[in-house]
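K.L.:
Below is a structure I'd like to ask you about.
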Amino acid sequence: MRRASPVALAVLLLTAAPAAFAELPGPFVACEAVGPARPVCGFQNPEDLAPLPGDEALLVSEYGAIEGGKPGDLALLVLATDERSVLFRGGDAKGAPQPGWGDPTCPGPPPAAFSPHGIDLAKRRDGKLQLLVVQHGGRESIEFFEVTGSGSDWSLAWRGCVLAPVDASLNEVVALPGGGFLTSKMMSLSGNFEQLTEAAGEPSGELYEWSAKAGFKKVPGTRGALPNGVEVSPDGRTIFMNVSMGNELRRVDRASGKIEGRAEVPAPDNVTWSPDGKRLLVASLRSLDPKDFAICRNLERGACPLPFAIVAVDPVALTTEDIYVGNGPPMGGGTVGLQVGDELFIGSFAGDRVLRVKLSEP
């Protein structure tokens with residue numbers, strides 16, 4: 000079984016990337032504010048973020064490695080103090096999965112190799128808070144956690160899992176209003192990456208929908224070249240998915256699979272809703288040269304220097320606007336943009352920091 004390294008992914012993405020920037024510098028090491036952008040250091044690859052009720056803290060997915068060779072944590076960022084604390088680490092959970100949390104055939108808690116990727120926080124039908132986590136360490140799976148607490152004091156308890164579809168390398172997950180979830184298969188675990196490179200731009204995956212009753216099924220209209228971030232409308236009827244190699248955010252009717260429209264976004268990664276629900280915020284990488292990815296892959300300290308932008312997308316008109324462009328210190332390689340109040344929080348697949356950006360008045 001072969002799995003993609005970040006460099007292999009960069010090679011795959013290169014032909015679909017926008018024009019390369021000038022040769023990148025080394026990692027950004029200084030943990031100092033630049034203009035409205037202030038880094039919060041002390042994290043490990045904070046690839047995805049989720050807001051907690053009350054807007055006093057965030058959940059942080061500290062990415063290990065897509066091939067499962069490096070573990071990562073689920074952490075808490077307290078906004079008032081910039082304090083980081085670990086909420087879950089592989090090997091913490093004991094016991095059997097709980098009924099109603101994932102698949103009854105879940106083999107047990109994730110191993111010490113636990114390596115989180117995309118995350119999504121949502122309220123269950125029973126009123127409890129549920130965190131869904133894509134993870135790659137020891138098994139390819141969606142892990143279920145119960146989230147309890149308030150203010151800046153939160154905890155996670157592992158409750159169950161769903162093993163990924165056969166041969167699926169997953170990326171992101173989003174809960175559905177009536178239960179279940181959508182997850183993006185970005186490519187096959189066993190794919191021949193040399194062949195994929197030669198056929199760059201060809202479809203490599205799609206979205207899957209999972210329900211406790213029916214298990215997994217492919218979602219029509221979602222086949223694409225490296226599917227990545229995914230969101231749904233509040234009623235669950237409309238899917239918004241990022242196709243990284245297709246340089247697009249795609250709007251799909253969930254029931255029919257009809258593609259209703261596309262927004263052009265270079266190499267889109269994760270996507271979140273703005274607090275008012277009027278815009279989708281998409282992280283967009285602006286350089287995908289394999290040499291640049293190698294700098295980020297081998298980071299020992301500091302931040303990835305890849306240029307990026309956070310793009311606001313109108314979900315109806317599918318028009319776009321760059322609301323923050325990172326083309327230098329204090330951080331690059333942005334993979335998620337999350338708005339809380341008048342601040343934009345940005346995570347990265349490689350580096351030691353979360354970026355806090357003060358948004359200007361509209």
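Residues 0 to 361 in numbering that gives the first Met the number 0 are what the sequence shown lists, from first letter to last. All C-beta atoms, glycine included, are put in the ideal place defined by N, C-alpha and C.
(1) By DSSP, does I65 sit in helix, in strand, or in coil?
(2) What residues are listed by DSSP as bridge partners for K93?
(3) Bridge partners for W100 per DSSP, in chain order?
(4) DSSP on A29, reduced to helix/strand/coil?
(5) Taking the alpha-carbon of A282 as reference, which of P274, L343, L162 has the nearest alpha-carbon?
(6) With a threshold of 16 other CB atoms inside 10 Å of the CB of V132, please say whether the residue is buried or exposed.
(7) Between V264, A121, F348, K257, which has its C-alpha nearest A293's C-alpha?
(8) DSSP three-state label for F239, please.
(9) Under 8 Å: do the segment 166–176 and the segment 219–235 share three or more Cβ pairs, one atom per stretch?
(10) Assuming the contact rule is C-beta atoms closer than 8 Å, K184 and E205 should be a hit. Round their C-beta distance to whole Å, please.
(11) With H, G and I counted as helix, E and B as strand and the rest as coil, what does DSSP make of C160?
(12) Are the segment 142–158 and the segment 84–92 touching by the rule of at least three beta carbon pairs closer than 8 Å?
(13) From the DSSP output, in three-state form, read off D152 for me.
(14) Could you compute how far the alpha carbon of A211 sits from the alpha carbon of C105?
(15) Based on DSSP bridge pairs, tell me the residues matched to G350.
(16) Is F113 helix, strand or coil when you go by DSSP?
(17) Answer with buried or exposed for P328, where buried requires no fewer than 16 other C-beta atoms within 10 angstroms of its C-beta.
(18) Does the count of Cβ pairs from the segment 349–359 and the segment 25–43 closer than 8 Å reach three?
P.N.:
Judging by the given coordinates:
(1) Secondary structure of I65 (DSSP, three-state): coil.
(2) None, per the DSSP bridge assignment.
(3) W100 pairs with nothing; no bridge assigned.
(4) Here A29 carries a coil assignment [DSSP, helix/strand/coil].
(5) Ranking the options by Cα distance to A282, first place goes to L343.
(6) buried
(7) F348
(8) strand
(9) Counting Cβ pairs under 8 Å, three or more are found: they touch.
(10) Yes, K184 and E205 are in contact; Cβ-Cβ is about 6 Å, under 8 Å.
(11) strand
(12) yes
(13) In the displayed model, D152 falls within a strand according to three-state DSSP.
(14) 12 Å
(15) A302
(16) coil
(17) buried
(18) Flag = yes, the segment 349–359 and the segment 25–43 touch.
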